[in-house]
Amino acid sequence: MSVETSTMTSESVAPSSPSDSKKPRSRKLQLLVVVLGILVVCGGVGVWWTSRVGDQNNTPIVLAESNQWEDYGKIQRYMSNAVNTKETYTPEVRAAIRTLEEDLVELDRQWREKDQTIRAENPHLAKALRDPLGTPLIGPNGARTVNDSLAGNMQVVELYTGRFSEHCTLPDEAKRRNLELLRPVLIGMLCGGGSYQVPFESLRDEYQRGNRDPLLAYTLMLGDTPGSDRRFELFMDAIELFEMRPTCSLLRALVLSKASEFRSRWSETEIVEYQERATDAFFAAVAEHPSDAAAMEMLRANGLRIFHSMNGAARGDLIIRMVALPPEKFPMWLRHYLAYSFSIEIADYYRGTNFISDVAAENLKIFSLLSEAAAKHLVRCWILNPMCGDVIAELVNLESRTGDTPYSRLEWFRIGIANTCDEEELYSQLSDKLVPKWGGSREELLQMISLCTAVRYKDLQIPYYATHFLWNSISERSLQLRLTDDLELLKGVLEMLDYARNCKSKENSALAGGRLGLITRVLWDWGRLTDLDYLFRNHLDGFSGNKWLSYYYLNMPLVYRVTGKASEGDFHLWFMLHDDLLINNDRLNEKIVAHDREIIETLRARHGGAEHAAWVLDYCERLCDWWTTFHSGEPVSLSADNRMLGWNSFVPNPPNFIENGFEFSAYYSSASMIMYPILRFPRPHAIEVEVELINGTDDFYSCALFAGPVGGDCVDQDFCGASLRYQPTLKQVIVDSLPSFPLSTNNPFRKSYVYKEAGKTKLRLEVRDDGLKGFVGEYRLEEVERQMDTRGFVQFGRFNSQMKIDDRLPVSYRVTNLKVISLDESLRRPAPTEEEK
711 MSVETSTMTS ESVAPSSPSD SKKPRSRKLQ LLVVVLGILV VCGGVGVWWT SRVGDQNNTP
771 IVLAESNQWE DYGKIQRYMS NAVNTKETYT PEVRAAIRTL EEDLVELDRQ WREKDQTIRA
831 ENPHLAKALR DPLGTPLIGP NGARTVNDSL AGNMQVVELY TGRFSEHCTL PDEAKRRNLE
891 LLRPVLIGML CGGGSYQVPF ESLRDEYQRG NRDPLLAYTL MLGDTPGSDR RFELFMDAIE
951 LFEMRPTCSL LRALVLSKAS EFRSRWSETE IVEYQERATD AFFAAVAEHP SDAAAMEMLR
1011 ANGLRIFHSM NGAARGDLII RMVALPPEKF PMWLRHYLAY SFSIEIADYY RGTNFISDVA
1071 AENLKIFSLL SEAAAKHLVR CWILNPMCGD VIAELVNLES RTGDTPYSRL EWFRIGIANT
1131 CDEEELYSQL SDKLVPKWGG SREELLQMIS LCTAVRYKDL QIPYYATHFL WNSISERSLQ
1191 LRLTDDLELL KGVLEMLDYA RNCKSKENSA LAGGRLGLIT RVLWDWGRLT DLDYLFRNHL
1251 DGFSGNKWLS YYYLNMPLVY RVTGKASEGD FHLWFMLHDD LLINNDRLNE KIVAHDREII
1311 ETLRARHGGA EHAAWVLDYC ERLCDWWTTF HSGEPVSLSA DNRMLGWNSF VPNPPNFIEN
1371 GFEFSAYYSS ASMIMYPILR FPRPHAIEVE VELINGTDDF YSCALFAGPV GGDCVDQDFC
1431 GASLRYQPTL KQVIVDSLPS FPLSTNNPFR KSYVYKEAGK TKLRLEVRDD GLKGFVGEYR
1491 LEEVERQMDT RGFVQFGRFN SQMKIDDRLP VSYRVTNLKV ISLDESLRRP APTEEEK
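Numbering (the numbering used here), first residue to last: 711 to 1547.
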């Protein structure tokens, strides 16, 4: 594990993934041998590529002569967007990579030997490779942890402090004082040695008093925000100090690797200068520390940062320079790692970000070939350096995308956690690849939840890692739907709470962020009010400023107050209101509503004097009133004020409430805003609203009525609704389906209409079981015939998951007369007789 690991991101649209069942070894190895033979016969992957793949006019992608770049100066080559990845796969680069391919000739044998070795050395891993989902994550003999891995960094700490003592020019007393502060800070940062905030602040004070040294500057950089002004000042201080005294080559390389953070502050000449200085320092440090595992892991991670900051021409030059060095100056595993990084970038260029079915056949062919070549380099890297967690995480990703490695993704995961059982990146990476649309299955995700939550080893946070799999098990559906369809989700959450209650480490048991939001949402949907009370009493700080609460559609004032009152007494009565009105109100009937009104009055008599109780009871009574009005056939006025009774509101800025409506302001980029009454309206109904643009131009998201849940990644969900979006600044109206198809796909249900009237109009959306009708002002839009199951959701807002806009210009709207009208003929009252009149 590296101290400063580079973040691996999933591609926005991944290719189809193979199943994770145990793959036939013979077939896989046959493919490896065949492709390797093709590469050897054709003179390497580059020769095949250049000789067979060209532009539409059959012109080769690169010229045969290396003088293609004679007209480019170094700054032009390293900065020009025209000199991109595909065009810089020059004959020299191909020749360099072909040299590395000579080390892959016996990859089949090398992998088999490595496979036999790891199985023999670790019987639990051997069992896990036979049954990845049926074997506990931790064996009977325990496992290696992140802290065990970080302990190896003590060698780097000793290197740093030793060079500091040797070369620091501070007075003896200042040197001693700073060394006493540096050691605990470096041990805390690099070795997981506990809290170091106090000595870190003291170190900052020493630096501000003029005690300057490159190691002090670098240490303070690590504790500052990437790209910040203060971090830039520390970076420039360190660069200046390097010129004044001898220093550690590893430290110089790690400092210069941060140069890419500050590109926006420099001219192109300065960018290239610092890029070359960082590259020189990287090669010098590798040559000095080739057998120091901890130092080399830091150099790998930071060298990759340098590599990713380069364009294709600079990357190609780095590969050529690397291959020219003798093995004792640049380890073979790192050569293969950078060759993999270079090859996969070119493969990704041809793969693009489209769905696999939309990629041109010729591009897909190149992607496939280069991915296989990249996979061989990465597998060879792992064989030579099997303890690198980032390499194994990339193998999980690569296997999921192309299937070109000798193990399945689940097997790579088990190999990874055998090295470092609590490396969270491995769990996160696997969970993303087990999503059904990428070739995984919900059953695998649920099994991983069970495996994670069963761990009770050294108070490690592995039970909490189950939230990665829990999230991905529901990510393809709308999060507005109840999470009560699968008992396994609740079981997993309850196991996490058991870990939290019994963990002796307060730091490890702490809950916050998205993890806390997801756990809270599952407990709320299942009515586990006692467990929620535990969260509020023991992890309340984790809810502070938690942006994920709205992401999970959690009405926190409601959750907190209902939970709090239930814990004080009359638990069963509060629970019944929760179950009837707040979670399952689509199942209400006249008898249940009457009973709930009795409960409300009982609780008013006992708790009505308390502010929180009064608000919750008023909230529940508002739901009963709306239900009664709707089912009597009368229009339901969805009025709202600052108490927001009956509403769930997820709006960045609180609305300004006016008579019979509200006004809201947002940025153009605000695509998540949504407001909806918590009561469901399951029968045929119409939604009406009046919308007026107050100010703004070119607002794509605008305002929309939604009949049905919003969100979810998959258009094949088992519900269907519709939206009516009014875009006054664009002079159009759009009717669309829910879930929404991506804009890049052919959506037969999306209809766009020109509407040039003034910026105020009335919208009406009529929803029945067999279709919908939209109205804008006096105009009736084309009817959409499609089976509808809106789950009773009635919503208003700007929600849009089809595209992202970064514009932060403000826009304001006025919304009035929002109402729901039943279209159920059985509820319509007959016209009054003359006598009744």
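Note that beta-carbon positions come from the ideal geometry of N, C-alpha and C, so glycine has one too.
What are the boundary residues of the alpha helix (DSSP H) that PHE1017 is part of? Locating residue 1017 in the sequence shown gives position 307, counting from the first residue. Run containing PHE1017: 1003-1019, per the alpha helix (DSSP H) assignment.
Notebook entry, point to check: So the beta strand (DSSP E) CYS1162 belongs to, where does it begin and stop?
Noted result: What you label residue 1162 is simply residue 452 of the sequence shown in a count that begins at 1. Per DSSP, CYS1162 belongs to no beta strand (DSSP E); it is in the alpha helix (DSSP H), 1152-1163.
Give me the Cα-Cα distance between GLY1013 and THR1063, rounded to the nearest whole angstrom. Residue mapping note: residue 1013 aligns to position 303 of the sequence shown, counting from 1. Residue mapping note: residue 1063 aligns to position 353 of the sequence shown, counting from 1. The alpha-carbon atoms of GLY1013 and THR1063 are separated by roughly 26 Å.
What residue range does the alpha helix (DSSP H) around GLN1497 cover? In the sequence shown, residue 1497 corresponds to position 787, counting from 1. Run containing GLN1497: none; DSSP gives neither H nor E here.
> How is ASN1073 classed by DSSP in three states: helix, strand or coil?
Replying inline: Position 363 of the sequence shown, counted from the first residue, corresponds to residue 1073. Here ASN1073 sits in helix by DSSP.
Review point. Contact check, ILE848 vs VAL1165 under 8 Å by CB: the rounded distance?
Key: Against the sequence shown, residue 848 aligns to sequence position 138. Against the sequence shown, residue 1165 aligns to sequence position 455. Right, the Cβ-Cβ distance comes to about 6 Å (below 8 Å), so this counts as a contact.
Beta-carbon separation of SER1379 and ILE1515 under 8 Å?
The residue given as residue 1379 occupies position 669 in the sequence shown. The residue given as residue 1515 occupies position 805 in the sequence shown. Result yes, Cβ atoms of SER1379 and ILE1515 sit closer than 8 Å.
* Helix, strand or coil at GLN1512 according to DSSP, with G and I counted as helix -> Here residue 1512 corresponds to residue number 802 of the sequence shown, with the count starting at 1. Of the three classes helix, strand and coil, the one that applies to GLN1512 here is coil, per DSSP.
field: Alpha carbon of ALA1057 to alpha carbon of ALA1085, nearest angstrom
entry: Here residue 1057 is taken as the residue at index 347 of the sequence shown, counted from 1. Here residue 1085 is taken as the residue at index 375 of the sequence shown, counted from 1. The straight-line gap from Cα to Cα measures roughly 11 Å.
Contact set for LEU746: own chain, Cβ-Cβ below 6 Å, skip 5 residues either direction = For the purposes of this step, residue 746 is taken as residue 36 along the sequence shown, with counting starting at 1. Annotation note: pLDDT 36 at LEU746 (below 50); position unreliable, coordinate value reported separately. Correct list: empty, nothing qualifies.
- request: Taking 8 Å as the cut-off, decide whether the C-beta atoms of LEU810 and HIS1046 are in contact.
  value: In the sequence shown, the residue the question calls residue 810 occupies position 100. In the sequence shown, the residue the question calls residue 1046 occupies position 336. Cβ atoms of LEU810 and HIS1046: closer than 8 Å.
query = Any idea which residues DSSP pairs GLU1292 with across the strands?
reply = In the sequence shown, counting from the first residue as 1, residue 1292 sits at position 582. The residue you asked about is not Glu; residue 1292 is Leu in the sequence shown. Partner(s): none; LEU1292 has no beta bridge.
Note to self: Please classify GLN1437 as buried or exposed, where buried requires at least 16 neighbouring CB atoms within 10 angstroms.
What the structure shows: Position 727 of the sequence shown holds residue 1437. GLN1437 should be labelled buried.
| query | According to DSSP, what are the bridge partners of LYS1461? | reply | Start at 1 with the first residue of the sequence shown, and residue 1461 comes out as number 751. VAL1445, per the DSSP bridge assignment.
Are the CB atoms of ALA1432 and VAL1494 within a distance shorter than 8 Å?
Translated into the one-based positions of the sequence shown, residue 1494 becomes position 784. Translated into the one-based positions of the sequence shown, residue 1432 becomes position 722. Yes; because the gap between Cβ atoms is below 8 Å, this pair is in contact.
### Query
Do the segment 1019-1031 and the segment 984-994 touch if we need at least three Cβ pairs shorter than 8 Å?
Of all C-beta pairs linking the segment 1019-1031 to the segment 984-994, three or more are shorter than 8 Å, placing the two stretches in contact.
Assigned secondary structure, ASN1129 (DSSP; H/G/I helix, E/B strand, else coil)
As a working note, residue 1129 is residue 419 in the sequence shown. Helix.
For THR1130, count neighbouring Cβ atoms within 10 angstroms of its own Cβ and tell me buried if that reaches 16, exposed if not. One-based indexing of the sequence shown puts residue 1130 at position 420. Its Cβ being crowded by 16 or more others within 10 Å, THR1130 is buried.
Practice prompt. Could you tell me which uninterrupted alpha helix (DSSP H) segments, each at least 4 residues in length, are contained entirely in the segment 820-872, listed from first to last along the chain?
Written response: 833-840, 856-861
Exercise for review: Just the C-alpha distance for ARG1501 and GLY1418, rounded to the nearest angstrom, thanks.
Suggested key: Counting from one through the sequence shown, the residue named residue 1501 turns up at place 791. Counting from one through the sequence shown, the residue named residue 1418 turns up at place 708. Cα to Cα, ARG1501 sits roughly 6 Å from GLY1418.
Sorted by chain position, which residues of the same chain lie with C-beta nearer than 6 Å to ALA1323's C-beta, five sequence neighbours on each side aside?
-> Residue 1323 sits at position 613 when you count from the first residue of the sequence shown. Within the same chain, ALA1323 has close Cβ partners LYS1275, HIS1317.
Just to confirm before moving on: does the CB-CB distance between GLU1398 and ARG1474 stay below 8 Å?
Taking the first residue of the sequence shown as position 1, residue 1398 is located at position 688. Taking the first residue of the sequence shown as position 1, residue 1474 is located at position 764. Taking 8 Å as the Cβ cut-off, GLU1398 and ARG1474 qualify as a contacting pair.
Practice item. Give the secondary structure of PRO1520 by DSSP, where H, G and I count as helix, E and B as strand, and everything else as coil. Key: Taking the first residue of the sequence shown as position 1, residue 1520 is located at position 810. Reduced to three states, the DSSP call for PRO1520 is strand.
Using a threshold of 8 Å, state whether the C-beta atoms of ARG1508 and SER1375 are closer than that.
Reading the sequence shown from its first residue, position 798 is the one you call residue 1508. Reading the sequence shown from its first residue, position 665 is the one you call residue 1375. Cβ distance not < 8 Å, so ARG1508 and SER1375 don't count as in contact.
* Under 8 Å by Cβ, that's how I've got ALA1624 and ALA1004 pegged, so tell me the actual separation to the nearest angstrom. => Any question about residue 1624 goes unanswered here, given that the chain covers just 711 to 1547.
According to DSSP, what are the bridge partners of VAL1346?
Taking the sequence shown and counting its residues from 1, the one referred to as residue 1346 is at position 636. The partner list for VAL1346 (beta bridge, DSSP) reads VAL1530.
- Classification of SER761 by the beta-carbon crowding that lies within 10 angstroms, buried from 16 upward: Residue numbering aside, residue 761 sits at position 51 when the sequence shown is read from its first letter. A caution first: SER761 carries a pLDDT of 27, below 50, which makes its placement in the model unreliable, though a value can still be read off. Exposed: under 16 other Cβ atoms inside 10 Å.
(request) Give the C-beta separation of SER1110 and TRP1148 to the nearest angstrom, bearing in mind that I take them to be a contact with Cβ-Cβ under 8 Å. (result) Residue mapping note: residue 1110 aligns to position 400 of the sequence shown, counting from 1. Residue mapping note: residue 1148 aligns to position 438 of the sequence shown, counting from 1. Going by Cβ atoms, the distance from SER1110 to TRP1148 rounds to 6 Å, so yes, they are a contact pair.
Task: Rounded C-alpha distance that separates LEU699 from ASN1073 - done: Outside the modelled stretch of the chain, which goes from 711 to 1547, sits residue 699, for which no answer is possible.
### Task
With DSSP collapsed to three states, give me the class of VAL1420.
Here residue 1420 refers to the residue found at position 710 of the sequence shown. Reduced to three states, the DSSP call for VAL1420 is coil.
Mind checking LEU1591: buried by the 16 CB within 10 Å criterion, or exposed?
Not covered by the structure: residue 1591. The range shown for the chain is 711 to 1547.
Minimum C-alpha distance to LEU1283 - residue among ARG1307, LEU1264, TYR1261
Taking the first residue of the sequence shown as position 1, residue 1283 is located at position 573. Of the candidates ARG1307, LEU1264, TYR1261, the one whose C-alpha sits nearest the C-alpha of LEU1283 is ARG1307.
If you reduce the DSSP assignment to three classes, tell me which class GLU943 lands in. One-based indexing of the sequence shown puts residue 943 at position 233. Note: GLU943 maps to helix in three-state DSSP.
Next on the checklist: As an exercise, report each continuous alpha helix (DSSP H) stretch of at least 4 residues that is fully enclosed by the segment 1348-1426, in chain order.
Outcome noted: none
>> As a quick exercise: from GLN1171, LEU1161, THR1163, pick the residue whose alpha carbon is nearest that of GLU1134.
In response: The count along the sequence shown starts at 1 and reaches residue 1134 at position 424. For GLU1134, the closest alpha carbon among the candidates GLN1171, LEU1161, THR1163 is that of GLN1171.
With 16 as the cutoff for other CB atoms within 10 Å, does VAL866 come out buried or exposed?
Indexing the sequence shown from 1 puts residue 866 at position 156. Answer is buried; the Cβ neighbour count reaches 16.
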